[in-house]
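Data first, discussion second: the structure below is written as C-alpha coordinates.
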Amino acid sequence: MKAKVLDTLHESVDNIVDTTAAGDSFSAGFLAKRLSGGNASDAALAGHIVAGTVIQHPGAIIPLEATPDLSL
707 MKAKVLDTLH ESVDNIVDTT AAGDSFSAGF LAKRLSGGNA SDAALAGHIV AGTVIQHPGA
767 IIPLEATPDL SL
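In terms of this note's numbering, the sequence shown opens at residue 707 and continues consecutively.
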(Lines of atoms letter the chains of each structure in order from A; the text may use other names.)
(Lines give C-alpha, C1' and ligand atoms only; values in the text may rest on other atoms or scores of the structure.)
Protein backbone atom coordinates (compact mmCIF):
# COMPACT_ATOMS: atom_id res chain seq x y z
CA MET A 707 0.00 0.00 0.00
CA LYS A 708 1.39 3.39 -1.00
CA ALA A 709 1.31 6.31 1.39
CA LYS A 710 -0.83 9.27 0.34
CA VAL A 711 0.39 12.84 0.78
CA LEU A 712 -2.19 15.42 1.80
CA ASP A 713 -1.94 19.16 1.23
CA THR A 714 -3.72 20.76 4.16
CA LEU A 715 -4.47 24.39 4.85
CA HIS A 716 -3.48 25.71 8.25
CA GLU A 717 -3.06 29.07 9.89
CA SER A 718 0.29 30.34 11.10
CA VAL A 719 0.73 30.91 14.82
CA ASP A 720 2.50 34.11 15.82
CA ASN A 721 2.33 33.82 19.61
CA ILE A 722 4.29 30.63 20.37
CA VAL A 723 4.70 30.30 24.14
CA ASP A 724 5.47 26.63 24.83
CA THR A 725 5.60 23.67 22.44
CA THR A 726 5.06 21.09 25.18
CA ALA A 727 2.42 18.59 24.00
CA ALA A 728 2.21 19.97 20.45
CA GLY A 729 2.54 16.51 18.90
CA ASP A 730 0.08 14.91 21.30
CA SER A 731 -2.34 17.76 20.66
CA PHE A 732 -2.09 17.31 16.90
CA SER A 733 -2.79 13.60 17.32
CA ALA A 734 -5.77 14.28 19.58
CA GLY A 735 -7.35 16.70 17.12
CA PHE A 736 -6.67 14.38 14.18
CA LEU A 737 -8.11 11.32 15.91
CA ALA A 738 -11.13 13.20 17.27
CA LYS A 739 -12.08 14.34 13.77
CA ARG A 740 -11.48 10.94 12.15
CA LEU A 741 -13.42 9.10 14.86
CA SER A 742 -16.35 11.47 14.40
CA GLY A 743 -16.50 10.69 10.68
CA GLY A 744 -14.20 13.35 9.20
CA ASN A 745 -11.95 12.67 6.25
CA ALA A 746 -8.15 12.72 6.46
CA SER A 747 -7.83 16.34 5.26
CA ASP A 748 -10.33 17.63 7.80
CA ALA A 749 -8.63 15.56 10.49
CA ALA A 750 -5.22 17.03 9.64
CA LEU A 751 -6.69 20.53 9.82
CA ALA A 752 -8.26 19.74 13.20
CA GLY A 753 -4.86 18.51 14.41
CA HIS A 754 -3.24 21.76 13.29
CA ILE A 755 -5.93 23.81 15.03
CA VAL A 756 -5.55 21.99 18.36
CA ALA A 757 -1.74 22.01 18.28
CA GLY A 758 -1.70 25.67 17.20
CA THR A 759 -3.91 26.57 20.13
CA VAL A 760 -1.96 24.56 22.70
CA ILE A 761 1.41 26.10 21.80
CA GLN A 762 0.03 29.55 22.59
CA HIS A 763 -0.26 28.65 26.29
CA PRO A 764 2.29 27.56 28.91
CA GLY A 765 2.35 23.85 29.71
CA ALA A 766 0.42 20.98 28.22
CA ILE A 767 -3.07 21.83 29.49
CA ILE A 768 -4.81 24.93 28.17
CA PRO A 769 -7.63 26.87 29.85
CA LEU A 770 -11.06 25.42 29.06
CA GLU A 771 -12.18 28.70 27.47
CA ALA A 772 -9.28 28.44 24.98
CA THR A 773 -10.36 25.01 23.71
CA PRO A 774 -10.96 25.25 19.95
CA ASP A 775 -14.27 24.30 18.30
CA LEU A 776 -13.52 21.45 15.91
CA SER A 777 -16.88 21.41 14.16
CA LEU A 778 -15.28 22.25 10.81
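Glycine is no exception: its CB is placed at the ideal position from the N, C-alpha and C atoms.
1. Can you look up aspartate 730 in the DSSP assignment and give me helix, strand or coil?
2. Quick one, are the C-beta atoms of isoleucine 755 and glycine 729 less than 8 angstroms apart?
3. Would you kindly work out how many angstroms separate the C-alpha atoms of glycine 743 and leucine 751, rounded to a whole number?
4. Measuring straight from C-alpha to C-alpha, what distance separates lysine 739 and aspartate 748?
5. What would DSSP say about alanine 766, mapped onto helix, strand or coil?
Taking the definition as stated:
1. Here the question's residue 730 lines up with position 24 in the sequence shown. Three-state DSSP puts aspartate 730 in a helix.
2. Locating residue 755 in the sequence shown gives position 49, counting from the first residue. Locating residue 729 in the sequence shown gives position 23, counting from the first residue. Contact: no.
3. Here residue 743 refers to the residue found at position 37 of the sequence shown. Here residue 751 refers to the residue found at position 45 of the sequence shown. Those two C-alpha atoms are separated by around 14 angstroms.
4. Taking the sequence shown and counting its residues from 1, the one referred to as residue 739 is at position 33. Taking the sequence shown and counting its residues from 1, the one referred to as residue 748 is at position 42. Using only the alpha carbons, I get a separation of about 7 angstroms.
5. In the sequence shown, residue 766 corresponds to position 60, counting from 1. In the structure shown, alanine 766 sits in coil (DSSP, three-state: anything other than H, G, I, E or B).
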